[in-house]
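Enquirer: Protein chains in written order, with the numbering used here: chain X, 1 to 451; chain G, 1 to 171.
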Amino acid sequence: MDVSSTKTPMNEKVLTRNIGPDLVPTDMTAYEANGGYRALHKVMSGMSSNDCLEVIKASNLRGRGGAGFPTGMKWSFVPMGEKCSPGHKYLVCNADEMEPGTFKDRLLMECDPHQLIEGMILAAYTIQADLSYIFIRGEYVVAIERLEQALVDCYKKGYLGENILGSGYDLEMHVHTSAGRYICGEETALINALEGKRANPRAKPPFPQVSGLWGRPTIVNNVETLCNISHIIDKGPEWFQSLGLGEDAGTKLYGASGYVKNPGCWELPIGTPVREILEQHAGGMVEGRKLKGFLPGGGSTDFLVEEHLDLPMDYGSIGAAGSRMGTGTMIILDDKTCPVGMVLNLIRFFAHESCGFCTPCREGLPWTRQVLEDIEAGRGRKEDLETLLRQVKYIGAIGNTHCALAPGAMEPLQSALKYFQSDFEAHVEQGCCPYASDIKALDVKAQGESA
Amino acid sequence: MSEQQLIQSDIALSAEEIQQIEAELVHMPQKSGAAIDALKIVQRQRGWVSDESLVAIARYLEMSPEALEGVATFYNLIYRQPVGEKVVLFCDSVSCWIRGCEGVKQKISEALGVDYGETTGDNQYTLIPVPCLGACDKAPVMMVGDDLHTNLNNEKIDQIFAKKMGKEEDA
Numbered sequence: 001m002d003v004s005s006t007k008t009p010m011n012e013k014v015l016t017r018n019i020g021p022d023l024v025p026t027d028m029t030a031y032e033a034n035g036g037y038r039a040l041h042k043v044m045s046g047m048s049s050n051d052c053l054e055v056i057k058a059s060n061l062r063g064r065g066g067a068g069f070p071t072g073m074k075w076s077f078v079p080m081g082e083k084c085s086p087g088h089k090y091l092v093c094n095a096d097e098m099e100p101g102t103f104k105d106r107l108l109m110e111c112d113p114h115q116l117i118e119g120m121i122l123a124a125y126t127i128q129a130d131l132s133y134i135f136i137r138g139e140y141v142v143a144i145e146r147l148e149q150a151l152v153d154c155y156k157k158g159y160l161g162e163n164i165l166g167s168g169y170d171l172e173m174h175v176h177t178s179a180g181r182y183i184c185g186e187e188t189a190l191i192n193a194l195e196g197k198r199a200n201p202r203a204k205p206p207f208p209q210v211s212g213l214w215g216r217p218t219i220v221n222n223v224e225t226l227c228n229i230s231h232i233i234d235k236g237p238e239w240f241q242s243l244g245l246g247e248d249a250g251t252k253l254y255g256a257s258g259y260v261k262n263p264g265c266w267e268l269p270i271g272t273p274v275r276e277i278l279e280q281h282a283g284g285m286v287e288g289r290k291l292k293g294f295l296p297g298g299g300s301t302d303f304l305v306e307e308h309l310d311l312p313m314d315y316g317s318i319g320a321a322g323s324r325m326g327t328g329t330m331i332i333l334d335d336k337t338c339p340v341g342m343v344l345n346l347i348r349f350f351a352h353e354s355c356g357f358c359t360p361c362r363e364g365l366p367w368t369r370q371v372l373e374d375i376e377a378g379r380g381r382k383e384d385l386e387t388l389l390r391q392v393k394y395i396g397a398i399g400n401t402h403c404a405l406a407p408g409a410m411e412p413l414q415s416a417l418k419y420f421q422s423d424f425e426a427h428v429e430q431g432c433c434p435y436a437s438d439i440k441a442l443d444v445k446a447q448g449e450s451a
Numbered sequence: 001m002s003e004q005q006l007i008q009s010d011i012a013l014s015a016e017e018i019q020q021i022e023a024e025l026v027h028m029p030q031k032s033g034a035a036i037d038a039l040k041i042v043q044r045q046r047g048w049v050s051d052e053s054l055v056a057i058a059r060y061l062e063m064s065p066e067a068l069e070g071v072a073t074f075y076n077l078i079y080r081q082p083v084g085e086k087v088v089l090f091c092d093s094v095s096c097w098i099r100g101c102e103g104v105k106q107k108i109s110e111a112l113g114v115d116y117g118e119t120t121g122d123n124q125y126t127l128i129p130v131p132c133l134g135a136c137d138k139a140p141v142m143m144v145g146d147d148l149h150t151n152l153n154n155e156k157i158d159q160i161f162a163k164k165m166g167k168e169e170d171a
């Protein structure tokens, strides 16, 4: 299916305006030719840090890493001027994209590295940070190389370093290549990793905005969040708000993976209905498979089902339906894929990626994994379903752990127990995975086709 | 290995390694801040982080070897055992699982004769699983060294490891 034919002309491309179908990366010249660093010049020639903060607050930009916290409000917690004790302040970009089923930040960094860097300079200026890091997972080899080149070009141009564009503002920026582990995406774990420690999340408070990296005020923002900043500064908060279809502002990178015809990632107005994303952009389901459910925004969000297809993909609507928009990249469950198997895969992931610090996560997730392994293998007992419900209640409770890994892990499980209860029961009653024969039949068919 | 033995067998950091570690230390208010960077620098030079390398780094960063070991063993891209020339990072997270990565994994294991955590006899490849590689629209995916391979199926696995399998046939 040709996606370009389904584009509505009103859809304004903002974050992906420099990203064509050929995915050729945008260098400094191309970036500037299309309005790049205009916002930086605007700010350095006369906007105060408080002016910038007010613009971002007014824009209603919310964090695109998954939690959806208002960006301007987060920045406003950083002590400024005389209220801040002397010393460094830090701006960190969370480029540790590792949420299962999420593949949006890779695209932004590989294809338009300057957009991220300009957003970071403006964010750092707003909180008056003097040091900034791009914390990026080591596997993103191409993005790392392109970001490093882009930083070199920025220093040459005087966009980074001392006295940026004659403003008197100094900022250093470095790429920090991480050494792995999903938990580094949690902002306080990320800070510990930047300090060269084990990436155990910290107890909060204190919040990083006040006491973060090396005990100093620190803002950690997701790649996509930061990529929005230069556009908001350039075109204003009213323009940004006008981009959204509902109560949220801006555009969003949405994605779909699983057995859809055209898996991919598309920039659309925030609040685009789920159905439009799945049917027009992802091209609907692959022949012979029907939609059974979907995780709206990564592995740690609750399943939604067919009755939710007409919901707008925004924070409020998806939240009201009992899930979270999360990263906005949907994982599609089809009717030939075992929901118990899918949840087991997710719980295995989270159990493996637990940092092991808090008991409910360290001990609870492997227990859940064991119960699910038994059910999937046909060894499950009826009371196992009650055990799972109890685990959801205790492991999923907010406040028992330093971070949201364990509660997040319980989200797909609790919703699978709700929407796919009969599948869990069928595993127990039949003493096997009822989907196994389906999968084998499809495999045989696929092999026949490829031969 | 006892601590005494470790200290005796300490392999000094090379001038190049020290130069690279020093470049990282410029950004750090304290030396231990460069722990992960230093582990990666040494690993890049030596392929992996041996006990001896670990002690040498710890000494240079004024950390205890135990503290540095705690850091080194936390991160999945720091190798505390020797690995092959190329590490195969196989994604078995949810989108790849839905698109049939289990079958692909089996095919790789057959082609290379190794399971997770193992290195081929000729020391060419080490196979390890990795958290979601962020290329879910092209699932199943894996990395071989620095290269991302997408939309994997049995045929592609044959192509990617053709050289390796050819070699074995010659032998």
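Here a beta-carbon is modelled for each residue, glycine too, at the ideal position from N, C-alpha and C.
Between the alpha carbons of P113/X and Q20/G, how many angstroms are there, rounded?
Expert: For the purposes of this step, residue 113/X is taken as residue 113 along the first sequence, with counting starting at 1. For the purposes of this step, residue 20/G is taken as residue 20 along the second sequence, with counting starting at 1. Approximately 25 Å between the Cα atoms of the pair.
Enquirer: Under 7 Å between beta-carbons, which chain G residues line up against S257/X? List them in chain order, please.
Expert: Reading the first sequence from its first residue, position 257 is the one you call residue 257/X. Chain G residues near S257/X: S95, C136, D137 and A139.
Enquirer: On the three-state DSSP scale, how would you describe F424/X?
Expert: As a working note, residue 424/X is residue 424 in the first sequence. In the structure shown, F424/X sits in a helix (DSSP, three-state: H, G or I).
Enquirer: How would you label M120/X, buried or exposed, when you count the other beta carbons within 10 angstroms and need 16 or more for buried?
Expert: To locate residue 120/X, count along the first sequence from 1; it is residue 120. Burial call: buried.
Enquirer: Verify whether the separation of the beta carbon atoms of I270/X and D248/X is less than 7 Å.
Expert: Taking the first sequence and counting its residues from 1, one reaches residue 270/X at position 270. Taking the first sequence and counting its residues from 1, one reaches residue 248/X at position 248. Yes, Cβ-Cβ distance for I270/X and D248/X is below 7 Å.
Enquirer: With a threshold of 6 Å (Cβ to nearest heavy atom), would E224/X be considered close to the ligand NAD?
Expert: Inclusion of the ligand NAD in the displayed structure is not the case, the ligand content being empty and no account of it being possible.
Enquirer: Quick one: is W214/X near chain G, going by C-beta distance under 7 Å?
Expert: Here residue 214/X refers to the residue found at position 214 when the first sequence is read from its first residue. Output row for W214/X: interface = yes.
Enquirer: For G117/G, which residues in the same chain have their Cβ closer than 7 Å to its Cβ, ignoring the five residues on either side in sequence?
Expert: Position 117 of the second sequence, counted from the first residue, corresponds to residue 117/G. Counting only Cβ-Cβ distances below 7 Å, and skipping sequence neighbours, we find I128.
Enquirer: Please list, in chain order, all residues of the same chain as V343/X whose beta carbon is under 8 Å from its beta carbon, the five residues on each side excluded.
Expert: Translated into positions along the first sequence, residue 343/X becomes position 343. Result list for V343/X: L372, P412, L413 and A416, in chain order.
Enquirer: Using the beta-carbon of each residue, which ones in chain G are nearer than 9 Å to M342/X?
Expert: Counted from its first residue, the first sequence places residue 342/X at position 342. Here the neighbours are V94, W97 and I98.
Enquirer: For L61/X, is the classification buried or exposed, using 16 other Cβ atoms within 10 angstroms of its Cβ as the cut-off for buried?
Expert: Counted from its first residue, the first sequence places residue 61/X at position 61. Per the 10 Å Cβ criterion, buried.
Enquirer: Put T16/X into one of helix, strand or coil per three-state DSSP.
Expert: For the purposes of this step, residue 16/X is taken as the residue at position 16 of the first sequence. T16/X: coil per DSSP, three-state reduction.
Enquirer: Going by C-alpha distance, which of G68/X, L15/X and H427/X is nearest G319/X?
Expert: Along the first sequence, read from residue 1 onward, the residue named residue 319/X stands at position 319. It is G68/X whose Cα lies nearest to the Cα of G319/X.
Enquirer: Quick one: grab the DSSP three-state call for H402/X.
Expert: The count along the first sequence starts at 1 and reaches residue 402/X at position 402. In the structure shown, H402/X sits in coil (DSSP, three-state: anything other than H, G, I, E or B).
Enquirer: Mind listing which residues of the stretch 103-126 of chain G have their C-beta closer than 8 Å to chain X's C-betas, in chain order?
Expert: Residues G103.
Enquirer: Let me know the secondary structure DSSP gives S45/X once reduced to three states.
Expert: If you number the first sequence from 1, residue 45/X lands on position 45. The answer is coil: DSSP assigns S45/X none of H, G, I, E or B.
Enquirer: List, from N- to C-terminal side, the alpha helix (DSSP H) runs of 4 residues or more that fit wholly inside the stretch 19-103 of chain G.
Expert: DSSP runs (the alpha helix (DSSP H)) wholly in the stretch 19-103 of chain G: 35-46, 51-60, 65-72 and 94-98.
Enquirer: Quick one: which residues of the stretch 77-97 of chain X get their C-beta closer than 7 Å to a C-beta of chain G? List them in chain order.
Expert: Correct list: E97.
Enquirer: With a threshold of 16 other CB atoms inside 10 Å of the CB of A51/X, please say whether the residue is buried or exposed.
Expert: Counting from 1 along the first sequence, the entry for residue 51/X is found at position 51. Just to set this straight, residue 51/X is Asp in the shown sequence, not Ala. It is exposed - the Cβ of D51/X has fewer than 16 other Cβ atoms within 10 Å.
Enquirer: Could you tell me whether the stretch 82-98 of chain X touches the stretch 137-145 of chain X, where touching means 3 or more Cβ pairs closer than 8 Å?
Expert: Flag = yes, the stretch 82-98 of chain X and the stretch 137-145 of chain X touch.
Enquirer: What separation, rounded to the nearest whole angstrom, lies between the Cα atoms of A377/X and C432/X?
Expert: To locate residue 377/X, count along the first sequence from 1; it is residue 377. To locate residue 432/X, count along the first sequence from 1; it is residue 432. Whole-angstrom Cα-Cα distance: 6 Å.
Enquirer: For I331/X, go through chain G and note every residue whose CB falls closer than 9 Å to its CB, in chain order.
Expert: Taking the first sequence and counting its residues from 1, the one referred to as residue 331/X is at position 331. The contacting residues are V94, S95, I98 and C136.
Enquirer: Going straight from the alpha carbon of R362/X to that of H149/G, what length do you get?
Expert: Indexing the first sequence from 1 puts residue 362/X at position 362. Indexing the second sequence from 1 puts residue 149/G at position 149. The straight-line gap from Cα to Cα measures roughly 33 Å.
Enquirer: Does D158/G come within less than 7 Å of chain X when only Cβ atoms are used?
Expert: Along the second sequence, one-based indexing puts residue 158/G at 158. Not closer than 7 Å to any Cβ of chain X, the Cβ of D158/G fails to qualify, so no.
Enquirer: For the beta strand (DSSP E) containing D147/G, name the first residue and the last one.
Expert: Translated into positions along the second sequence, residue 147/G becomes position 147. Run containing D147/G: D147 to H149, per the beta strand (DSSP E) assignment.
Enquirer: Which residue comes first and which comes last in the beta strand (DSSP E) that contains W266/X?
Expert: Translated into positions along the first sequence, residue 266/X becomes position 266. Residues G264 to P269.
Enquirer: Between which two residues does the beta strand (DSSP E) containing D384/X stretch?
Expert: If you number the first sequence from 1, residue 384/X lands on position 384. Where D384/X is concerned, there is no enclosing beta strand (DSSP E), although the alpha helix (DSSP H) it sits in stretches over K382 to I395.
Enquirer: Residues of chain G with CB closer than 7 Å to the CB of L346/X, please, in chain order.
Expert: Walking along the first sequence from the start, residue 346/X turns up at place 346. Correct list: V94.
Enquirer: Report the residue from I277/X, S132/X, F357/X and H352/X whose alpha carbon sits nearest the alpha carbon of G328/X.
Expert: Residue mapping note: residue 328/X aligns to position 328 of the first sequence, counting from 1. Nearest of I277/X, S132/X, F357/X and H352/X to G328/X, Cα basis: I277/X.
Enquirer: Name, please, each residue of chain X whose Cβ falls closer than 7 Å to the Cβ of G70/G.
Expert: What you label residue 70/G is simply residue 70 of the second sequence in a count that begins at 1. The answer, in chain order, is R198.
Enquirer: Counting beta carbon pairs with one atom in the stretch 215-224 of chain X and one in the stretch 27-46 of chain X, are three or more of them shorter than 8 Å?
Expert: Short answer: they don't touch.
Enquirer: Leaving aside the five residues before and after G364/X along the sequence, list all residues of the same chain whose C-beta is less than 8 Å from its C-beta, in chain order.
Expert: The residue labelled residue 364/X in the question sits at position 364 within the first sequence. Counting only Cβ-Cβ distances below 8 Å, and skipping sequence neighbours, we find Q391, Y394, I395 and A406.
Enquirer: In the DSSP assignment, the beta strand (DSSP E) including H176/X goes from what residue to what residue?
Expert: Taking the first sequence and counting its residues from 1, one reaches residue 176/X at position 176. E172 to T177 is the extent of the beta strand (DSSP E) around H176/X.
Enquirer: Just to confirm, is the Cβ distance from G134/G to F350/X under 7 Å?
Expert: Within the second sequence, residue 134/G is the residue found at index 134, counting from 1. Within the first sequence, residue 350/X is the residue found at index 350, counting from 1. No. Outside cutoff.
Enquirer: Need the endpoints of the alpha helix (DSSP H) that I347/X sits in, please.
Expert: Your numbering for residue 347/X matches position 347 in the first sequence. Element bounds for I347/X: P339 to E353.
Enquirer: Which class does M313/X belong to by DSSP, given the choice of helix, strand or coil?
Expert: Position 313 of the first sequence, counted from the first residue, corresponds to residue 313/X. Residue state, collapsed to three classes: coil.
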